[in-house]
Amino acid sequence: MVVDTKYYETLGVDPSCSDAEIKKAYRKLAMKYHPDKNPDAGDMFKDISHAYETLSDPEKREAYDRFGDDGPQMGGGFGMSPDDLFANLFGGMGGGMGGGFEFGGGGGYGGRSSRPRRGEDMVHPLQVTLEDLYKGKHTKLAMERSIICSHCQGKGGKTGAVKKCVTCKGRGFQVAMRQIGPGMVQQMQVACQDCSGSGEVIKDKCKKCKGRKVTSEKKVLDIFIEKGMVDGQKIVMKGEGDQEPGVETGDIILVIKQKEHDRFKRSGNDLLCQVKITLIEALAGFDKIIALHLDGRGIHVKHPAGQVIQPGDIRRIPHEGMPTFKRQDDIGDLYLQFDVEFPANMWTSLDHVKTLESVLPARPVDTTKKPEIVDDCALLEGDLEQFGAKSRASNVWDEDEEDEEDPRGGVNCAQQ
């Protein structure tokens, strides 16, 4: 015979119920009265959790049935907090439905989840040159961050001066009702005005941090940009973020932002460089330093005569591209795109032109059938920015004509 039915009544089950029925009843009530969903039901949630912890353990349930709440197995304390009990049943939901609520009272059972929260990471762009990514570089970054106050050890005041906010019961928020329509009210959480959302009230604030629990620190970080790093890659400085009492310190994350280069373009671990050569070099070859590399080395190339380079042609030099991150022996290629510079107008006499014509490939024979009508035209210098300009000008006149409409809705026409 059961001597005490209080715990069964709390869960809304019969004393003869099965373990599965107890678990089902607790699940339903815990979801209904969890403080994240029902902020004013902290005591109810505590009672539900206490009853379930007792009745879900066969030994504790037997002792409770025989002796009641004062039995030898009761003890008065709990093996785990209500949040941990809830998370254990619902598959580890991070200490609650929205994170760590504090429940007062005895029984060895108040306090937040033992799992510390983690502070936010501080993300900063790090501007680097292509030379930095090619050669690698040590650099320094001056920064300012928050650290736990050394004077009060992050308490915000003298020992005993920090009290739980009475207004919000230490939760940091209050429940407010907002009307969203006729006969419709929305329940919402708002930061407690008395404690500014901290859940605490400090009467005798620390003179150094003024109750904020943290102070500012200027620090210089030593940053190493490794060879082969790419735009958008992250450098993580573990535990260098803002500090906060009771919170795991976040990281500083530096995001590589490569500046645009005036001579080289990068794709993967390959480089592309624009190179200018003269017409004679394109036709007769060259033997010269064709470009300066990112580390200041000259790139010497010998190109034989007769192998003509045309404007826009691409050539490749193996293993002169970018190193690969963490694989320094894996080096990309250097691509050269040639821009052939032609001589200016009237650069030589007509006699020399005839001499040049004698050594160049012969003019092609014009086999085009001449039409009946042929117009003699002159070639003038042109500018593609003016391409279509006349058409745009005529459209302006068309728009003006469209604007001249009759007030009665029609277009004004001249009477004949």
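Numbering (the UniProt record's numbering), first residue to last: 1 to 416. Glycine is no exception: its CB is placed at the ideal position from the N, C-alpha and C atoms.
Tell whether a beta-carbon distance below 9 Å holds between residue i and residue j.
i    : j    : result
C165 : V201 : yes
T215 : Q193 : no
I252 : L221 : yes
G228 : P323 : yes
Q310 : V340 : yes
G211 : K205 : yes
F342 : G312 : no
K259 : Q127 : yes
Using only CA atoms, which one of the options lies nearest to residue i?
i    : options                : result
A142 : E226, H124, S349, F342 : H124
V3   : P311, D69, L11         : D69
Y134 : Y26, L271, R316        : L271
V190 : C206, D204, R171, K207 : R171
I223 : P304, V236, G250, I317 : V236
E248 : V255, K234, R118       : R118
E9   : K46, A51, V175, H138   : A51
F325 : G199, K219, Q233       : Q233
F286 : Q307, A389, G268       : Q307
K155 : K213, P182, Q127, Q174 : K213
F67  : K6, K390, D262, V13    : K6
D132 : G42, V230, C377        : V230
I314 : D376, G42, I277        : I277
Please go through the same chain and pick out, in chain order, the residues whose beta-carbon is closer than 7 Å to the beta-carbon of residue i, but skip the five residues on each side of it.
i    : result
G298 : I289, L292
Q73  : Annotation note: pLDDT 47 at Q73 (below 50); position unreliable, coordinate value reported separately. Here the set comprises E59, K60, A63.
S198 : G172
G136 : I225, E226, K227
L283 : V308
G388 : none
H261 : L130
M188 : A176, R178
Counting only the same chain and skipping the five closest in sequence on each side, list residues whose C-beta sits under 8 Å from that of residue i.
i    : result
Q186 : M177, R178, Q179, I180
F264 : L130, L271, L272, C273, L294
K140 : V220, L221, D222, I223
E217 : E144, R145, S146, I147
G157 : I202, K203, D204, K205, C206, G211
Return the CA-CA distance between residue i and residue j, expressed in angstroms with no decimal places.
i    : j    : result
K32  : D40  : 12 Å
N38  : M44  : 10 Å
C17  : K28  : 16 Å
N345 : I256 : 47 Å
V162 : Q174 : 20 Å
P15  : M184 : 41 Å
T159 : K203 : 11 Å
L11  : K207 : 50 Å
L360 : D329 : 46 Å
I373 : G382 : 26 Å
E281 : C377 : 34 Å
E385 : S391 : 13 Å
V13  : H34  : 19 Å
Beta-carbon within less than 6 Å of residue i's beta-carbon, same chain only, minus the 5 sequence neighbours each way: which residues are those?
i    : result
V301 : I290
E120 : G250
H138 : F224
C209 : C149, T215
G332 : N269, D270, G321, M322
R316 : D333, Y335
H319 : I331
C195 : C165, V201
Stretch pair the stretch 130–149 + the stretch 236–248: three plus CB contacts closer than 8 Å: They touch, by the three-pair rule.
Three CB pairs or more closer than 8 Å across the stretch 12–29 and the stretch 54–72: In short, these stretches touch, since the Cβ pair count reaches three.
Cβ pair count under 8 Å reaching 3, the stretch 365–379 against the stretch 344–352: Result no; under three Cβ-Cβ pairs closer than 8 Å.
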